[in-house]
Amino acid sequence: MESKEYSEALSVLSGLIKKFDFSEQWFLFFPYLIKYKEKETSVVLSVKMVSQQQTKDSGSKKLGIVAPQDKSSKEMKSSKKMKFASSSAETESQTTISDDSKTGRGMSTMPRVVKRKLQNVRPIVEYNKMGKGIGQAHIEMQSYIGVLARSRVPLVDKKWSQIPKDVKEQIWEAVDMAFVVGQGGKKSVLASAAKKWKDFKSTLTRHYILPYTNDKEKLSHPPETYKFIEKAQWDAFVASRLSQDFESVHSQHAQIREKLEYNHRLSRKGYAGLEDELEETMPGVEIDRSTLWKRARQDKHGNIPDPKVAEKAKLIDDLQKQVSEGKVRVDGSKDVLTMALGPEHPGRLRGVGAGISPRQYFNLPKPQRVSFDDRLKESLRVLLQEETKKMEAKAREEALRMEARTKQLVEAEREHFLSQLSQLIPNFDPNILKQRISQSPKNPMSSDKASCSGGDVRSLHVEDDTAKDEEKKEEKREEEKEEEKREEEKEEEKEKEDEEKHDDKVIEVGDYSNMEAPSSLKSLCRYVETTLLPEDKILEFTIDKEVFGSDRDTFLLPEDITQFVGMEEIGATVVAVYIRHLHDVLKQAKMCSMVGFIDPATVSANSGTVAERSRLVAARLQKTDGEQIFMMPYNPGRHWILLIVRAKKETVYFLDPLPGHRVVDEEAKNIVNSAIKIYNSHIGRAGRKVVIWKTLSGTPKQPSSVEWGYYVMRFMREIIMDPSLAFENKYAKGNQEASYPQEAIDEVRNEWAETVFQFIK
1 MESKEYSEAL
11 SVLSGLIKKF
21 DFSEQWFLFF
31 PYLIKYKEKE
41 TSVVLSVKMV
51 SQQQTKDSGS
61 KKLGIVAPQD
71 KSSKEMKSSK
81 KMKFASSSAE
91 TESQTTISDD
101 SKTGRGMSTM
111 PRVVKRKLQN
121 VRPIVEYNKM
131 GKGIGQAHIE
141 MQSYIGVLAR
151 SRVPLVDKKW
161 SQIPKDVKEQ
171 IWEAVDMAFV
181 VGQGGKKSVL
191 ASAAKKWKDF
201 KSTLTRHYIL
211 PYTNDKEKLS
221 HPPETYKFIE
231 KAQWDAFVAS
241 RLSQDFESVH
251 SQHAQIREKL
261 EYNHRLSRKG
271 YAGLEDELEE
281 TMPGVEIDRS
291 TLWKRARQDK
301 HGNIPDPKVA
311 EKAKLIDDLQ
321 KQVSEGKVRV
331 DGSKDVLTMA
341 LGPEHPGRLR
351 GVGAGISPRQ
361 YFNLPKPQRV
371 SFDDRLKESL
381 RVLLQEETKK
391 MEAKAREEAL
401 RMEARTKQLV
411 EAEREHFLSQ
421 LSQLIPNFDP
431 NILKQRISQS
441 PKNPMSSDKA
451 SCSGGDVRSL
461 HVEDDTAKDE
471 EKKEEKREEE
481 KEEEKREEEK
491 EEEKEKEDEE
501 KHDDKVIEVG
511 DYSNMEAPSS
521 LKSLCRYVET
531 TLLPEDKILE
541 FTIDKEVFGS
551 DRDTFLLPED
561 ITQFVGMEEI
571 GATVVAVYIR
581 HLHDVLKQAK
591 MCSMVGFIDP
601 ATVSANSGTV
611 AERSRLVAAR
621 LQKTDGEQIF
631 MMPYNPGRHW
641 ILLIVRAKKE
651 TVYFLDPLPG
661 HRVVDEEAKN
671 IVNSAIKIYN
681 SHIGRAGRKV
691 VIWKTLSGTP
701 KQPSSVEWGY
711 YVMRFMREII
721 MDPSLAFENK
731 YAKGNQEASY
741 PQEAIDEVRN
751 EWAETVFQFI
761 K
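In this text, residue positions in the sequence shown follow full-length UniProt numbering: the first is 1, and each later residue adds one.
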């Protein structure tokens, strides 16, 4: 039995119901009346609980509006299945609403959403791969956001940014209580509310204000459909919409609207909803944005009424056919829709809906954010490099000038000495001794620096006895001259040292004759000393396009050679020269279709932006059939690693010669990941969500901090020498981690030197 107080409460509420319209305001302020049944009214609300044991459907339960029995079968259709998040059993709600006096569509009330909130049943909003909402739950959520935007946000002539934060927070909390939106959903919900609030004001302006500018009676009160609008707000809103300022803005927007040539017919479904529909009706077919753009402009019969749009649709059909036949190739953002309609505006993309950028759609890498301090440091670094290069060039020029001056002084002294001997020794021919005196001894003094020069040690013997006495006198005079000469040389040496204080990179050609180095390196060193440095030359040659996919103009400096001979750190040019040798080896073994190379100079750090380097790697991958592995030496900064890219399997192998647990450089990872995504787009493959990265930690480890470049070259050599390319097993964890013997590294160095000699000849 119901208590007396409960009966009185029901009586009061019954009277209130009879006075209220069945509008959204009723559900906003009296939600708990859903348990009340008033037989005298036409409002009947019922909640039917369905347990999991009573249904065979293991998926989401159907939720929909059940119309009266006299309605058509079309209205009897249940809405699309939705997934729910609830602590109780799955619930199926049925709402029956009838109002014989109501005609037309009227205003959306969304009572079922409020009912589900009371039952603690929250539909889960689903999203597509671009993060756009899809499905029945998303449609209901958007309608509910519209209800909240109309009823809770004041009707004022302000921007959304000027609306109080507490009002926005109330909207978000209401939506969050009714739907499972997901992480980061608040921003999209409030953005949707802002648009719907703006659209609501536009609807009021177009349908209830501008048509009645001369009818003050019509404008004196809010429309019947929107009774919840306060009269004071309505009057202020009407006044703002009839002002001169608004008329000017309205005229400008109308002109902009007239410029839109290809209008879609999607209504609130949007591109995301259209794509969701097409995926159901066309399973297994890849739906690109050109197909979406075309379908969005068709009517319900599949026709395109607008002749301009129909012309573009026909062009899209033709281009799609040519792409399928291989006559036209799409590449990244240059797809079918861009070919048909022209280039995109920056930051916007047609045929996919609002909020999706070209970078997001085409999987382009995001540019790295650089702070002001980082930009300043980078500018200073570049400026310092330029100044250093200028100082190095000036120091080299001065060193060459001083060397030439020293040679002139030595030559003058030699001529003077020979003329003195001619006077002291009868029948003495100076020409006999010129060549002998000009030759320098092989090892004039012990030094840890070596010299590439080397001839036999030859002594000058003067056997004329009649000149011995005179020689003593001459020796005394020569000693005095030598003393003066030494003083002059000290002054010159001091000047030279002052100049060299600003240049610690002046090339010192050492004596490699005593070093344990391949003979080819010693010969190359002598060539540097006798030809390149005296003539101020560099080695210039071209590496054929079959090595890196395009011709590579290569410049090998004298210091590149001396650093390589001295087992110092090496640059990308040195590695590229050795790759040229490895390509010849592959060519002889007929393995070029199995292994390819990526130029280290174009992808390593400071070689351009990540996006630019990604496109270069992708372009290299696109020039093959996908079966090749690609070796990509990479230098993140004073260190060399080796990446092996297997594009067809979307797998990348990471080899690092440094000991310990090594992690892939994040920039290198972004470059290769983006390149593989671009490659997948080029071949029309969806591909994996995440590229597979494998660390091959069983590589030999370098003993100190300068051998990484030589080790990476040795890795590449060992890999191509195995016709089965079983490098994954060879360098698996635990196989081998000892250092290479010097003989193995010298084998690489010798091959490099012989390759350089090919270009010299």
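Note that CB positions come from ideal geometry on N, CA and C, so glycine has one too.
**Request:** Could you name the residues of the same chain whose beta carbon sits closer than 8 angstroms to that of V153, not counting the 5 residues immediately before and after it, in chain order?
**Result:** Locating residue 153 in the sequence shown gives position 153, counting from the first residue. For V153, the CB contacts under 8 angstroms within the same chain, skipping 5 residues up- and downstream, are I163, V167, I171, A193, W197 in chain order.
**Asked** With a CB to CB cut of under 8 angstroms and the five nearest residues on each side skipped, what residues in its chain are close to E728?
**Response** Here the question's residue 728 lines up with position 728 in the sequence shown. Closer than 8 angstroms at the Cβ level, and outside the excluded window around E728, lie Y653, K694, L696.
**Message:** Per the DSSP calculation, V645 is bridged to which residue(s)?
**Reply:** Position 645 of the sequence shown, counting from 1, holds the residue named residue 645. The partner list for V645 (beta bridge, DSSP) reads F630, V652.
**Message:** Contact between the stretch 618-628 and the stretch 705-715 is defined here as three or more beta-carbon pairs at a separation below 8 angstroms; is this criterion met?
**Reply:** In the pairwise beta carbon analysis, the stretch 618-628 is classified as not touching the stretch 705-715: fewer than three pairs are separated by under 8 angstroms.
**Request:** Kindly indicate which three-state DSSP category F29 falls into: helix, strand or coil?
**Result:** Your numbering for residue 29 matches position 29 in the sequence shown. Reliability of the predicted coordinates at F29 is poor, the pLDDT of 42 falling under 50, and no value is obtained from them.
**Prompt:** Looking at the unbroken alpha helix (DSSP H) that takes in F727, where does it start and where does it end?
**Reply:** Translated into positions along the sequence shown, residue 727 becomes position 727. Counting along the chain, the alpha helix (DSSP H) containing F727 begins and ends at 727-730.
**DSSP three-state assignment for I671, whether helix, strand or coil** = Sequence index remark: in the sequence shown, residue 671 carries index 671 (1-based). Helix at I671.
**Request:** Report the rounded CA-to-CA distance for M721 versus C592, giving the unit in angstroms.
**Result:** The sequence position of residue 721 within the sequence shown is 721, counting from 1. The sequence position of residue 592 within the sequence shown is 592, counting from 1. One alpha carbon belongs to M721, the other to C592, and they sit about 12 angstroms apart.
**Request:** Report the rounded CA-to-CA distance for P659 versus G698, giving the unit in angstroms.
**Result:** Taking the first residue of the sequence shown as position 1, residue 659 is located at position 659. Taking the first residue of the sequence shown as position 1, residue 698 is located at position 698. Approximately 10 angstroms, taken between the alpha carbons.
**Item:** Residue closest to residue 850, alpha-carbon to alpha-carbon, out of G185, Y127, K231
**Value:** The first residue shown for the chain is 1 and the last is 761, placing residue 850 beyond what the model contains.
**Request:** Indicate whether L384 and M594 have their beta-carbon atoms separated by less than 8 angstroms.
**Result:** Working through the sequence shown from its first residue, we reach residue 384 at position 384. Working through the sequence shown from its first residue, we reach residue 594 at position 594. At the C-beta level, L384 and M594 stay beyond 8 angstroms of one another.
**Message:** Could you tell me the alpha carbon to alpha carbon distance between W160 and Y271, rounded to whole angstroms?
**Reply:** Counting from one through the sequence shown, the residue named residue 160 turns up at place 160. Counting from one through the sequence shown, the residue named residue 271 turns up at place 271. The C-alpha of Y271 is placed about 25 angstroms away from the C-alpha of W160.
**Request:** Compare the beta carbon distance of I316 and A310 with 8 angstroms and say whether it is the shorter of the two.
**Result:** The residue labelled residue 316 in the question sits at position 316 within the sequence shown. The residue labelled residue 310 in the question sits at position 310 within the sequence shown. Cβ atoms of I316 and A310: not closer than 8 angstroms.
**Asked** I think F597 touches F630, with their Cβ atoms under 8 angstroms apart; what is that distance to the nearest whole Å?
**Response** On the sequence shown, residue 597 is found 597 positions in, with the first residue counted as 1. On the sequence shown, residue 630 is found 630 positions in, with the first residue counted as 1. Right, their Cβ atoms sit about 7 angstroms apart.
**8 angstroms contact criterion, which I676 and A647 should meet: CB distance rounded** = On the sequence shown, residue 676 is found 676 positions in, with the first residue counted as 1. On the sequence shown, residue 647 is found 647 positions in, with the first residue counted as 1. Going by Cβ atoms, the distance from I676 to A647 rounds to 6 angstroms, so yes, they are a contact pair.
**Request:** Name the residue from E650, H301, N750 whose alpha carbon lies nearest to the alpha carbon of C525.
**Result:** Taking the sequence shown and counting its residues from 1, one reaches residue 525 at position 525. Cα-wise, what sits closest to C525 is N750.
**Item:** Cβ-Cβ separation, E261 to K308 (assumed contact under 8 angstroms), whole Å
**Value:** Against the sequence shown, residue 308 aligns to sequence position 308. Against the sequence shown, residue 261 aligns to sequence position 261. Contact between K308 and E261 holds, with the beta-carbon distance rounding to 6 angstroms and staying under 8 angstroms.
**CA nearest to the CA of D215, picked from F228, V238, Y226** = As a first step, residue 215 must be located in the sequence shown, where it is residue number 215. Out of F228, V238, Y226, the CA that lies nearest to the CA of D215 is found in V238.
**Message:** Give me the DSSP bridge partner(s) of D331.
**Reply:** As a position in the sequence shown, residue 331 is number 331, starting the count at 1. In DSSP, D331 forms a bridge with K334.
**Local conformation of K623 per DSSP, three classes** = Counted from its first residue, the sequence shown places residue 623 at position 623. Under the three-state reduction of DSSP, K623 is assigned to coil, being neither helix nor strand.
**Prompt:** Hey, would you say R573 sits closer than 8 angstroms to A605, going by beta carbons?
**Reply:** Sequence index remark: in the sequence shown, residue 573 carries index 573 (1-based). Sequence index remark: in the sequence shown, residue 605 carries index 605 (1-based). Per the sequence shown, the amino acid found at residue 573 is Thr instead of Arg. Taking 8 angstroms as the Cβ cut-off, T573 and A605 do not qualify as a contacting pair.
**Prompt:** Relative to the alpha-carbon of H583, which residue among F541, R717, L539, S202 has its alpha-carbon at the smallest distance?
**Reply:** Working through the sequence shown from its first residue, we reach residue 583 at position 583. In terms of CA proximity to H583, R717 leads the group F541, R717, L539, S202.
**Prompt:** Using the C-alpha atoms, what's the distance from S550 back to Q628?
**Reply:** Taking the sequence shown and counting its residues from 1, the one referred to as residue 628 is at position 628. Taking the sequence shown and counting its residues from 1, the one referred to as residue 550 is at position 550. About 17 angstroms.
**Option nearest Q136 by Cα separation, candidates Y711, R638, D276** = As a position in the sequence shown, residue 136 is number 136, starting the count at 1. Across the set Y711, R638, D276, the C-alpha of D276 shows the shortest separation from the C-alpha of Q136.
**Asked** Can you tell which of A178, K334, D157, V189 has the C-alpha that lies nearest to the C-alpha of K201?
**Response** Here residue 201 refers to the residue found at position 201 when the sequence shown is read from its first residue. Among A178, K334, D157, V189, the Cα nearest to that of K201 belongs to D157.
**Request:** Please classify residue 762: does DSSP put it in a helix, a strand, or coil?
**Result:** With the chain running from 1 to 761 in the structure shown, residue 762 is simply not present.
**Prompt:** Does the distance from the CB of R122 to the CB of V189 come in under 8 angstroms?
**Reply:** Position 122 of the sequence shown holds residue 122. Position 189 of the sequence shown holds residue 189. Not a contact, by the Cβ cut-off of 8 angstroms.
**Message:** Alpha carbons only, please: which of K649, E650, L655 is nearest the one belonging to N635?
**Reply:** Numbered from its first residue, the sequence shown carries residue 635 at position 635. Ranking K649, E650, L655 by Cα distance to N635 puts L655 first.
**Prompt:** I think V756 touches M713, with their Cβ atoms under 8 angstroms apart; what is that distance to the nearest whole Å?
**Reply:** For the purposes of this step, residue 756 is taken as the residue at position 756 of the sequence shown. For the purposes of this step, residue 713 is taken as the residue at position 713 of the sequence shown. Contact doesn't hold; Cβ gap of about 14 angstroms is too wide.
**Asked** In terms of residues, what are the limits of the beta strand (DSSP E) holding T542?
**Response** Residue 542 sits at position 542 when you count from the first residue of the sequence shown. That run of the beta strand (DSSP E) goes 539-543.
**Request:** Say yes only if the C-beta of R526 is nearer than 7 angstroms to one or more non-hydrogen atoms of the ligand COA, and no if none qualify.
**Result:** The ligand COA is not part of this structure, which contains no ligands at all.
**Alpha-carbon to alpha-carbon, A313 and R348** = Translated into positions along the sequence shown, residue 348 becomes position 348. Translated into positions along the sequence shown, residue 313 becomes position 313. If you take the alpha carbons of R348 and A313, they lie about 21 angstroms apart.
**Request:** Determine the extent of the alpha helix (DSSP H) in which D746 is found, giving its start and end residues.
**Result:** Within the sequence shown, the letter at position 746 stands for residue 746. For D746, the enclosing alpha helix (DSSP H) stretches over residues 742-760.
**Item:** Selection from M632, S243, A393 that minimises the alpha carbon distance to V645
**Value:** Position 645 of the sequence shown, counted from the start, is the residue given in the question as residue 645. Per the Cα distances, M632.
**Close-in-space but distant-in-sequence residues of the same chain around E403 (CB under 6 angstroms, 5 per side omitted)** = Within the sequence shown, residue 403 is the residue found at index 403, counting from 1. The beta carbon of E403 lies closer than 6 angstroms to none in the same chain, with the five residues before and after it left out.
**Message:** If I follow the unbroken alpha helix (DSSP H) through V180, where does it start and stop?
**Reply:** On the sequence shown, position 180 is the one that residue 180 refers to. Element bounds for V180: n/a, residue is neither H nor E.
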